[in-house]
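S.K.: Note that the numbering used here has the sequence shown beginning at 4, numbered continuously upward.
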Amino acid sequence: MAGQIRYRSGIDGRTGKVITGIPHLMQSLAKIWGTRIDTRVMRLDFGSDLRSLLSEDLTPSIALLIYNELVASAARWEPEYVLNQLQLVTISETGKLGLRHGGLYFPEGRFGNYDLAVPLALKATPLNRLGNAA
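1. For residue 76, which residues from the same chain have a beta carbon less than 6 Å from its beta carbon, with the 5 sequence-adjacent residues on both sides left out?
2. Please work out which residues of its chain come closer than 8 Å, Cβ to Cβ, to residue 126, disregarding the five sequence neighbours upstream and downstream, and give them in chain order.
3. Nearest to residue 55 by CA position, among 63, 49, 68, is which residue?
4. So, residue 84 versus residue 28, is the Cβ gap smaller than 7 Å?
5. Which ranges does the alpha helix (DSSP H) cover as unbroken runs of at least 4 residues, wholly within the segment 55-84, from first to last along the chain?
6. Kindly list the residues whose CB is nearer than 7 Å to the CB of residue 106, restricted to its own chain and excluding five residues on each side of it in sequence; keep chain order.
7. On the three-state DSSP scale, how would you describe residue 136?
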């Protein structure tokens with residue numbers, strides 16, 4: 004068993020099937036970014052304050068606050084991922100705001116092992132659907 008990577012696993016919120024690795028990471032980030040602070044029982048500080056920022060008109064200062072909230076909440080709640088690329092993009096004709104991000108995925112980061120790093124570049128995801136994205 005020595006040398007095997009210990010991937011985190013969980014249950015897919017949509018299908019109920021077991022997911023591991025990058026799909027689990029993506030579901031975790033969607034849950035972090037899609038959960039408002041003070042809404043989870045027994046873990047009131049979990050989540051991000053992203054939703055309050057999305058109700059504002061997008062200005063450079065609001066964009067900077069969105070970037071900050073995304074990076075800070077991911078750093079606090081996801082030990083297996085470090086954001087190093089972040090871009091807000093328009094991904095629909097109706098003007099929906101999307102997020103494209105990339106970074107380093109550390110499969111054993113929750114154990115403090117940051118020797119194994121997998122670079123990720125992820126496609127755009129609508130910000131209004133983060134709670135439903137996998």
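All residues carry an ideal CB built from backbone N, CA and C; glycine is no exception.
This one's a predicted model, so the numbers in the text were calculated from it and none came from an experiment.
M.R.: Let me lay it out:
1. 35, 51
2. 103
3. 68
4. yes
5. 63-80
6. 84, 85, 86, 87, 88, 123
7. At residue 136, the pLDDT of 40 sits below 50, so the modelled position is not reliable; the number obtained from the coordinates is stated separately. Correct three-state label for residue 136: coil.
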